[in-house]
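Structure first, then comments.
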Amino acid sequence: MNLQFLRYAAEVEKTGSFTQAAENLYMNQPHLSRAVRELEKEMGFSIFNRTGRGIVPTEAGEEFLRHAKEVLAKVDQLEQLKDKNEKKKYCLCLAAVRAEYIQNAVAAFAAEHTGEKEMSLHFEETGAREVISRVGEKVCSLGITRYPSAYASYYQKLMKEKNLVYHELVSFPYLVIMKKNHFLAEKKELTYLDLAQYTEVIYGSEIIPDFSFSADSQEGKKCIYVQDKDSGRQMVKLVPGAYMWDAPGSEALNLSQGLVQRICSRPGNEYKDVAIYRQGCRQTEAEKRLLRIVENEAVKSKKIIERITK
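1 is the number of the first residue of the sequence shown in our numbering; add one for each residue after it.
Structure below.
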C-alpha cells in the first residue's frame, strides 16, 4: 500500500474538498482524484461520498481513515527518530601528515556541515610514524600516513602488525622549492647533484633520507633544521641559494611568496600517501565522506606535477 496515498486521503478528509486538498498538497486535482480512486480500488470499497456539504467519508471510510492516520502518525515518529539521529554530533578524529591537499579536504568537509549539523572534528598533523601509532593505539579513528615507495614493504608490515587496514590515496615525487630567481630555477633536467653546493632546509621530525653515495660526500653539506614548514619556507626566501624538498603544493601560494617548485631527479624519490584505519572497525558515513573528499583533493595535487612538466 502506498503511504503517500494514505496522506492524500487524510488531507481530503481534513479539508472536505478534493480541490483544497490538491492545493494544500501542491498537486493537480485530477491526479489526486485518480490516486484516491486507486486506493479505493485496492481496498475494495468507497472511502468518500460526495454530498451537498462536500466530500465526507463513508462508514467504511471512517474506519479506514482512523487506521490510516494511526499509521501515518507512526511513520512521522520514525521520521523524527531518523532526523534526531542525523542531527547527532559528528565526532571524527583524523591524524595525518602535513599536506596542503589534506588541509583543503578537511576544510571542505567541515564547510559541508557548517550551520547544518553539530560537529566535533579533531585534526592532528604529525609525522608519518606517529600517524600509525595514533590510529593503532585508538587515539584517532582515521589516519593518512606517508612513506617512500622504496620502503613500502616495511611500512605495510608495520601497519599489519598494528592490525591496520590501508589503501593508497596518491603517489608522487617530492619537488624542490626554491626562490624563483634561484640560480637553478630555470635549469632543465635538474638533479640532486646540482643542489650539492646549496643550503638544504629540512623541516619536521622525520628527515628525508640523504641519497649521497658515500659518507665522504656529507662533508661540507649545509643544512638548516626547522620544525615547521612555514619556517622552512621563510628560510628558503631569506637564505641565499637555500632550497627545500616538499610534496606538491599550491603553485599560486608559492608564487605569492616568490617561490617555485621544480622537479628534481633523485634516487628513490617517490612517496605514497595512504589512508589507514583499524581492522574490523566499521567506518562511519562521515569518515567515508571525508576520505572521498581527500581522494579528490589528492588527484588535484598530482595534476600540479603534470603542469610543471609541460
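From the three backbone atoms N, C-alpha and C, an ideal C-beta is built for every residue, glycine too.
Predicted, not measured: the structure shown is a model, and the values here were computed from it.
Determine whether the beta carbon atoms of residue i and residue j lie at a separation below 8 Å.
i	j	result
residue 24	residue 13	no
residue 294	residue 144	yes
residue 159	residue 151	no
residue 203	residue 236	no
residue 317	residue 262	This structure gives no information on residue 317, because the portion of the chain shown stretches from 1 to 310.
residue 336	residue 254	Absent from the structure is residue 336, since the part of the chain shown begins at 1 and ends at 310.
residue 311	residue 106	Residue 311 is absent from the structure shown; the chain starts at 1 and stops at 310.
residue 163	residue 279	yes
residue 273	residue 298	yes
residue 121	residue 110	yes
residue 6	residue 71	yes
residue 132	residue 224	no
residue 221	residue 98	no
residue 45	residue 36	no
residue 134	residue 125	no
Could you tell me how far apart the beta carbons of residue i and residue j are, in whole angstroms, since I believe they sit closer than 8 Å?
i	j	result
residue 19	residue 4	In fact, because the Cβ distance is near 19 Å, the residues do not count as touching under 8 Å.
residue 39	residue 60	Not really, about 12 Å apart at Cβ, beyond 8 Å.
residue 243	residue 147	At roughly 23 Å, the Cβ-Cβ gap does not stay under 8 Å, so residue 243 and residue 147 are not in contact.
residue 175	residue 267	Contact doesn't hold; Cβ gap of about 16 Å is too wide.
residue 180	residue 258	6 Å
residue 78	residue 140	Contact doesn't hold; Cβ gap of about 34 Å is too wide.
residue 290	residue 32	Wrong, their Cβ atoms sit about 44 Å apart, outside the cutoff.
residue 52	residue 17	Not confirmed; about 13 Å, so no contact.
residue 187	residue 194	7 Å
Can you tell me whether residue i is buried or exposed? The criterion is at least 16 other CB atoms within 10 Å of its CB, across all chains shown.
i	result
residue 153	exposed
residue 73	exposed
residue 286	buried
residue 304	buried
residue 217	Confidence at residue 217 is low in this model, with a pLDDT of 45, below 50, so its placement is unreliable and no value can be given for it.
residue 161	exposed
residue 114	exposed
residue 101	buried
residue 231	exposed
residue 196	exposed
residue 200	buried
residue 264	buried
residue 213	Per-residue confidence for residue 213 stands at a pLDDT of 39, beneath the threshold of 50, marking its modelled position as unreliable; the derived number appears in the next sentence. Classification of residue 213: exposed, given that the 10 Å Cβ count is below 16.
residue 207	Residue placement at residue 207 cannot be trusted, given a pLDDT of 44 that sits under 50; what the coordinates show is reported in the next sentence. Per the 10 Å Cβ criterion, exposed.
residue 75	exposed
residue 238	exposed
residue 67	exposed
residue 2	exposed
residue 81	exposed
residue 155	buried
residue 26	exposed
residue 50	exposed
residue 292	exposed
residue 183	exposed
residue 233	buried
Terminal residues of the continuous beta strand (DSSP E) containing residue i?
i	result
residue 167	164-172
residue 186	Neither: residue 186 is in no beta strand (DSSP E) and is coded neither H nor E.
residue 283	No beta strand (DSSP E) holds residue 283; DSSP gives it neither H nor E.
residue 179	175-179
residue 248	Premise fails: residue 248 is in no beta strand (DSSP E) and is neither H nor E.
residue 201	200-203
residue 260	259-262
residue 49	48-51
residue 145	142-148
residue 139	Run containing residue 139: none; DSSP gives neither H nor E here.
residue 320	Residue 320 lies beyond the residue range present for the chain, which begins at 1 and ends at 310; the question has no answer from this structure.
residue 225	223-226
Which residue marks the beginning of the alpha helix (DSSP H) containing residue i, and which one marks its end?
i	result
residue 23	18-24
residue 5	3-15
residue 154	152-161
residue 29	29-43
residue 242	Per DSSP, residue 242 belongs to no alpha helix (DSSP H) and is neither H nor E.
residue 232	229-238
residue 254	251-256
Taking 8 Å as the threshold (beta carbon to beta carbon), is residue i in contact with chain C?
i	result
residue 296	The structure shown contains no chain C, having only a single protein chain.
When every heavy atom of the ligand ATP is checked, does at least one fall within less than 7 Å of the C-beta of residue i?
i	result
residue 254	With respect to the ligand ATP, the structure offers nothing, as it holds no ligand at all.
Open item on the list: To test your reading of the DSSP string, which unbroken alpha helix (DSSP H) runs of 4 or more residues are found completely within the stretch 61-136?
Closed with: 100-113 and 128-136
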